[in-house]
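Residues 0 to 420, numbered by numbering that gives the first Met the number 0, are exactly what the sequence shown covers, in order.
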Amino acid sequence: MPAALSQSFREQLSALNRNQDRYVADLVSLILTTAQQSGASDVHLVPDRDGIHMDWRIDGVLQSIAHIPDVATNVIARLKVLSQLLTYRTDVPQEGRIIEPLDAGRKSDVSGDQAALPQIEMRVSTFPTLHGEKAVVRLFVGSGQYRRLSDLGMPTSTDSQWRQLLTTTHGVLLISGPAGSGKTTTLYASLREIMHESPERRSIVTLEDPIEAEVPGITQSQVNVTAGFDYARGLRSLLRQDPEVIMVGEIRDRETAETSFQASLSGNLVLTSFHAGSSSEAISRVSDLGVEPYLLRSGLLGILSQRLLRRLCACASPGQDPDDALGLRVERFQLPVGCEQCNGTGYSGRLLLAELLDPRQGDIGRGILSRADADEIEQHATAAGMRTLFTQACEAVDTGDTSSAEVRRLFPSASGYVDPS
Ligand SMILES: [Zn+2]
């Protein structure tokens, strides 16, 4: 439990005057500004019988922050006003963005230095539940707009290999990982790298759903599925716009996958993300979507697969009991403890793991053509020198950067397990 964080929030909460007209507006401002200052990526507001329960996602993990009595309906209504949703519709899910300055109407008698706050974009979604509407606010951290590859902390060899691939003029570059693994941040950083490092100007266009950050110098467009403007159709039209580099937010279906690979063969560099647990799994799943092996083999330049592991705080202590290694083959390991610095969680910040699969290495290409399964592709890749995400995760335990429990949270059943008997 993030004791310090929730206590500090509750103290600020109790400083607000419940009898003032501005109470709900101030409360919502307080929630959003403190969540942002704490580095939360999402705020969950869940109504229950007697109020609203609030959780924040910090470093990828949901943390319980506070229970606020009575005001559930008003808080959600205020969020809906800020994000220009229909306040009178409480029976259907809605989505919107907060575009107004967050602190409009706030006066300096409320705690918090709003002048120092950077403008950040927030996406609000509401969902009807048993006790009223639940709202989730996603905070896009403004500083992310300026992130370059060098800011991501990718392993050095992967970083230089990936930069090399970004200079290529045609082919498909896939970024894979589960939700919340930082794929979008890497996609944007890669686009900025191409834009700033290319010796000559390249025409860079994107198709996104939604556009999460604006990148100056790049033509970005948002698909609109209800209007029939989906990824596949958008991509076909974009190809008539003389592009050189195309970023497709995510490949979700066969048509988008095929069109992306065909576009890469006709002289475009296509960057996209794909939901898969590892690089080798991404290959077999793209193949399962129906992309022909020869198209995959000739179009694919590389797959970057990534994960974000929480870093142990300095308060960690050395583990003694071998059972606490949770079956990981490691020489030594540290256990999370918890202190004021890390809000009692034992972790602070995150560590990026990234594996890069180059299909031109070793027997990988042959494996793709013969529709080998993910395990076999991975064997070819590791034989060719790829260090898997799980190997990197175990190394991070050995070096004391993360804990066995954190590795098991992300890789519950990965191999390397030593049978205790
Ligand atoms: Zn700590």
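For glycine and all other residues, C-beta sits at the position ideal for the given N, C-alpha and C.
None of these values were measured; they are calculated from a predicted model.
Could you work out which residue in the options is closest to residue i when comparing CA atoms only?
| i | options | result |
| --- | --- | --- |
| residue 217 | 189, 232 and 10 | 189 |
| residue 260 | 250, 285 and 294 | 294 |
| residue 209 | 158, 58 and 137 | 137 |
| residue 97 | 91, 123, 89 and 87 | 123 |
| residue 170 | 377, 358, 39 and 211 | 358 |
| residue 179 | 61, 258 and 121 | 61 |
| residue 379 | 365, 391, 389 and 392 | 365 |
| residue 383 | 374, 362 and 373 | 362 |
| residue 385 | 67, 277 and 344 | 277 |
| residue 327 | 15, 279, 409 and 373 | 409 |
| residue 374 | 284, 337, 68 and 322 | 284 |
| residue 249 | 185, 356, 14 and 69 | 185 |
| residue 219 | 198, 247, 197 and 196 | 247 |
Excluding sequence positions up to five away, which residues of its chain have a Cβ less than 6 angstroms from the Cβ of residue i?
| i | result |
| --- | --- |
| residue 405 | 308 and 309 |
| residue 411 | none |
| residue 133 | 45 and 126 |
| residue 200 | none |
| residue 360 | 383 |
| residue 233 | 206 and 222 |
Just confirm the distance between the C-beta atoms of residue i and residue j, as a whole number of angstroms; I'd bet it's less than 8 angstroms.
| i | j | result |
| --- | --- | --- |
| residue 44 | residue 75 | 7 angstroms |
| residue 242 | residue 214 | Rounded, the Cβ-Cβ distance is 15 angstroms, inconsistent with contact. |
| residue 325 | residue 202 | The pair is not a contact, with the Cβ atoms about 49 angstroms apart (cut-off 8 angstroms). |
| residue 154 | residue 353 | 6 angstroms |
| residue 318 | residue 332 | 5 angstroms |
| residue 288 | residue 235 | Actually they do not touch by this definition, with Cβ atoms about 17 angstroms apart. |
| residue 4 | residue 37 | 6 angstroms |
| residue 168 | residue 264 | Between residue 264 and residue 168 the Cβ distance is about 12 angstroms, and since that is not below 8 angstroms, they are no contact. |
| residue 399 | residue 311 | 7 angstroms |
| residue 427 | residue 290 | An answer regarding residue 427 cannot be provided, because it is not within the stretch 0 to 420 covered by the chain. |
Below 7 angstroms CB to CB, which residues in the same chain sit around residue i once its five sequence neighbours on both sides are set aside?
| i | result |
| --- | --- |
| residue 238 | 262 |
| residue 176 | 182, 304, 305 and 306 |
| residue 192 | 147, 148, 162 and 165 |
| residue 194 | 203, 216 and 217 |
| residue 8 | 33, 64 and 65 |
| residue 108 | Confidence at residue 108 is low in this model, with a pLDDT of 38, below 50, so the placement of that residue should be treated as unreliable; the coordinate-derived value is given next. Answer for residue 108: no residue qualifies. |
| residue 281 | 173, 175, 273, 275, 302 and 304 |
Is residue i buried or exposed, if buried means 16 or more other CB atoms sit within 10 Å of its CB?
| i | result |
| --- | --- |
| residue 93 | buried |
| residue 230 | buried |
| residue 226 | exposed |
| residue 421 | What the structure shows of the chain is the stretch from 0 to 420, and residue 421 is not part of that stretch, so it cannot be assessed. |
| residue 128 | exposed |
| residue 159 | exposed |
| residue 90 | exposed |
| residue 271 | buried |
| residue 257 | buried |
| residue 224 | exposed |
| residue 187 | buried |
| residue 35 | buried |
| residue 172 | buried |
| residue 416 | The pLDDT assigned to residue 416 is 40, lower than 50, so where the model puts this residue is not dependable; a value taken from the coordinates is nonetheless given after this. It is exposed - the Cβ of residue 416 has fewer than 16 other Cβ atoms within 10 Å. |
| residue 391 | buried |
| residue 25 | buried |
| residue 266 | exposed |
| residue 339 | exposed |
| residue 255 | buried |
| residue 87 | exposed |
| residue 212 | buried |
| residue 279 | buried |
| residue 106 | Residue placement at residue 106 cannot be trusted, given a pLDDT of 39 that sits under 50; what the coordinates show is reported in the next sentence. Residue 106 should be labelled exposed. |
Please go through the same chain and pick out, in chain order, the residues whose beta-carbon is closer than 8 angstroms to the beta-carbon of residue i, but skip the five residues on each side of it.
| i | result |
| --- | --- |
| residue 286 | 292, 295, 367 and 370 |
| residue 152 | 350 and 351 |
Practice item. Report yes or no: do the stretch 62-80 and the stretch 15-34 share at least 3 C-beta pairs separated by less than 8 angstroms? Key: yes
Point to revise | the stretch 80-87 touching the stretch 57-65, judged by at least three CB pairs closer than 8 angstroms | key: Output reads no: the stretch 57-65 does not touch the stretch 80-87.
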